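Student: In the working numbering, each number is its position in the sequence shown, counted from 1, plus 30. Where a beta carbon is used, it is the ideal one built from N, C-alpha and C, also for glycine. Quick caveat: nothing in here was measured; it's all calculated off a predicted structure. Have a look at this one before I ask anything.
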Amino acid sequence: MMETGARRDPLILTRNLTRIYTVGGSSVAGINAVDLVIAPAELVVLKGNSGSGKSTLLSLLAGLDRPTSGDLLVAGHDLGNRRATDLTDFRRNVVGMVFQSFNLLPTLTVLENVLLPALLAARPAEPARRKAEELLDWLGLKSRREHFPAQLSGGEMQRTAIARALINDPALILADEPTGNLDSRNGRLVMDLLAELNRRSGCTVLIATHSDLADALATRRLFLSDGALREDACDA
Ligand SMILES: Nc1ncnc2c1ncn2[C@@H]1O[C@H](COP(=O)(O)OP(=O)(O)O)[C@@H](O)[C@H]1O
Ligand SMILES: [Mg+2]
Numbered sequence: 031m032m033e034t035g036a037r038r039d040p041l042i043l044t045r046n047l048t049r050i051y052t053v054g055g056s057s058v059a060g061i062n063a064v065d066l067v068i069a070p071a072e073l074v075v076l077k078g079n080s081g082s083g084k085s086t087l088l089s090l091l092a093g094l095d096r097p098t099s100g101d102l103l104v105a106g107h108d109l110g111n112r113r114a115t116d117l118t119d120f121r122r123n124v125v126g127m128v129f130q131s132f133n134l135l136p137t138l139t140v141l142e143n144v145l146l147p148a149l150l151a152a153r154p155a156e157p158a159r160r161k162a163e164e165l166l167d168w169l170g171l172k173s174r175r176e177h178f179p180a181q182l183s184g185g186e187m188q189r190t191a192i193a194r195a196l197i198n199d200p201a202l203i204l205a206d207e208p209t210g211n212l213d214s215r216n217g218r219l220v221m222d223l224l225a226e227l228n229r230r231s232g233c234t235v236l237i238a239t240h241s242d243l244a245d246a247l248a249t250r251r252l253f254l255s256d257g258a259l260r261e262d263a264c265d266a
């Protein structure tokens, strides 16, 4: 990576980040003592077997879950010591999430789904609408604006979800198995779009995936194994 004179604060900083799930009498470590520093504008691919802790880490970074212990800073927000109300604000304004199962609301149109986070964050309606239209154009969904999710292909649903994740100009996009329900052509398209948005807008992107589709696009590859993180040294 290029060195600049001025040091940039990391976008993500974790130290000893640990999430222990307690169910019944037993405890399972979702992630265990994760130290991670991610600079702004990186495109990070996170690999690891099923159950290795990828979704746990993404949920913590998204402010959807709280750590058991350790430090967690995202875009200057200390998520380890946050009240629930502050986390709602953080989730609406700082991160955008993309899921394997798209998570679109079936009774809203494509345009309404994309606008929903702007509405919830009480953003001014007209600029939000313009931004939504721009995103839908960029994602090739112009003619699908008034369609409902059930009328879309999987690839179109995921592109709608990407537009929704971007509507509030997040500093960080977290994608959890974004190609898991897509065929290989649409999977590649979604990965290419995430990389393009990273290049164009400098948005930091973290993709948890089993797929190799994003490997060549990544600025960094991380590997989780039983909750422990390491830098992927396959062909560094
Ligand atoms: N809500 C939960 N309650 C209890 N255990 C959980 C919960 N979520 C995840 N786990 C456990 O934490 C570990 C990591 O899971 P997860 O983060 O979902 O992994 P991945 O996304 O890599 O498949 C697994 O052992 C899983 O069973
Ligand atoms: Mg998962």
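#1: Once you ignore the five residues that flank S255 on each side, which residues in its own chain have a CB closer than 8 Å to its CB?
#2: Please output, in chain order, the residues near ligand 1 using a CB cut-off of less than 6 Å to any non-hydrogen atom of the ligand.
#3: Have a look at the DSSP bridge pairing and note the partners of M127.
#4: Excluding the five sequence neighbours on either side, which residues of its own chain have a C-beta within less than 6 Å of the C-beta of L109, listed in chain order?
#5: Under 7 Å: does the beta carbon of D206 sit that close to some heavy atom of ligand 2?
#6: Alpha carbon to alpha carbon, how far is P97 from L66?
#7: Quick test of your reading: R189 and L223, contact by CB under 8 Å. State the CB separation rounded to the nearest angstrom.
#8: Round the Cβ separation of V128 and H107 to the nearest angstrom and send it over; I've been treating them as touching at under 8 Å.
#9: Starting from the Cα of D245, find the closest Cα among D262, A148, T234 and give me that residue.
#10: What do you reckon, are the CB atoms on A152 and A205 nearer than 8 Å?
#11: So, is K84 buried or exposed, given that buried needs 16 or more other C-beta atoms within 10 angstroms?
#12: Curious, which full-length alpha helix (DSSP H) runs of at least 4 residues does the region 144-175 contain?
#13: Quick one: is E72 buried, meaning 16 or more other Cβ sit within 10 Å of its Cβ, or exposed?
#14: Around the Cβ of N228, are there at least 16 other Cβ atoms within 10 angstroms (buried) or fewer (exposed)?
#15: Tell me which residue opens and which closes the beta strand (DSSP E) that E261 is part of.
#16: For I61, which of I68, T52, A69 has the nearest alpha-carbon?
#17: Please name the residue or residues paired with D101 in a DSSP beta bridge.
#18: If you compare alpha carbons, which of W168, I197, L169, G100 is closest to E142?
Tutor: From the atom records:
#1: As a first step, residue 255 is located in the sequence shown; it is residue number 225 there, counting from the start. Only G78, N79, S82 meet the Cβ criterion.
#2: Summarising the contact set, residues whose Cβ lies nearer than 6 Å to any heavy atom of ligand 1 are, in chain order, Y51, V53, V58, G60, G78, S80, G81, S82, G83, K84, S85, T86.
#3: As a working mapping, residue 127 is identified with position 97 in the sequence shown. M127 is bridged to L204.
#4: By 1-based counting over the sequence shown, the position of residue 109 is 79. Contacts found: G93, L102.
#5: As a first step, residue 206 must be located in the sequence shown, where it is residue number 176. In this structure, the C-beta of D206 approaches ligand 2 to less than 7 Å from one of its heavy atoms.
#6: As a working mapping, residue 97 is identified with position 67 in the sequence shown. As a working mapping, residue 66 is identified with position 36 in the sequence shown. P97 and L66: Cα-Cα distance of roughly 14 Å.
#7: The residue labelled residue 189 in the question sits at position 159 within the sequence shown. The residue labelled residue 223 in the question sits at position 193 within the sequence shown. About 7 Å separates the two Cβ atoms, so the contact holds.
#8: As a working mapping, residue 128 is identified with position 98 in the sequence shown. As a working mapping, residue 107 is identified with position 77 in the sequence shown. Rounded, the Cβ-Cβ distance is 20 Å, inconsistent with contact.
#9: Numbered from its first residue, the sequence shown carries residue 245 at position 215. The shortest Cα separation from D245 among D262, A148, T234 belongs to D262.
#10: Within the sequence shown, numbered from 1, the residue matching residue 152 stands at position 122. Within the sequence shown, numbered from 1, the residue matching residue 205 stands at position 175. No, the Cβ-Cβ distance between A152 and A205 is not below 8 Å.
#11: Mapped onto the sequence shown, residue 84 falls at position 54. Within a 10 Å sphere around the beta-carbon of K84 sit 16 or more other beta-carbons, which makes this residue buried.
#12: Counting whole runs of 4 or more residues, the region 144-175 contains the alpha helix (DSSP H) stretches 155-168.
#13: Along the sequence shown, one-based indexing puts residue 72 at 42. It is buried - the Cβ of E72 has at least 16 other Cβ atoms within 10 Å.
#14: On the sequence shown, position 198 is the one that residue 228 refers to. Classification for N228: buried.
#15: Walking along the sequence shown from the start, residue 261 turns up at place 231. Per DSSP, E261 belongs to the beta strand (DSSP E) from 258-261.
#16: Position 31 of the sequence shown holds residue 61. Cα-wise, what sits closest to I61 is T52.
#17: The sequence position of residue 101 within the sequence shown is 71, counting from 1. Paired residues: R45.
#18: The count along the sequence shown starts at 1 and reaches residue 142 at position 112. That would be I197, whose Cα lies nearest to the Cα of E142.
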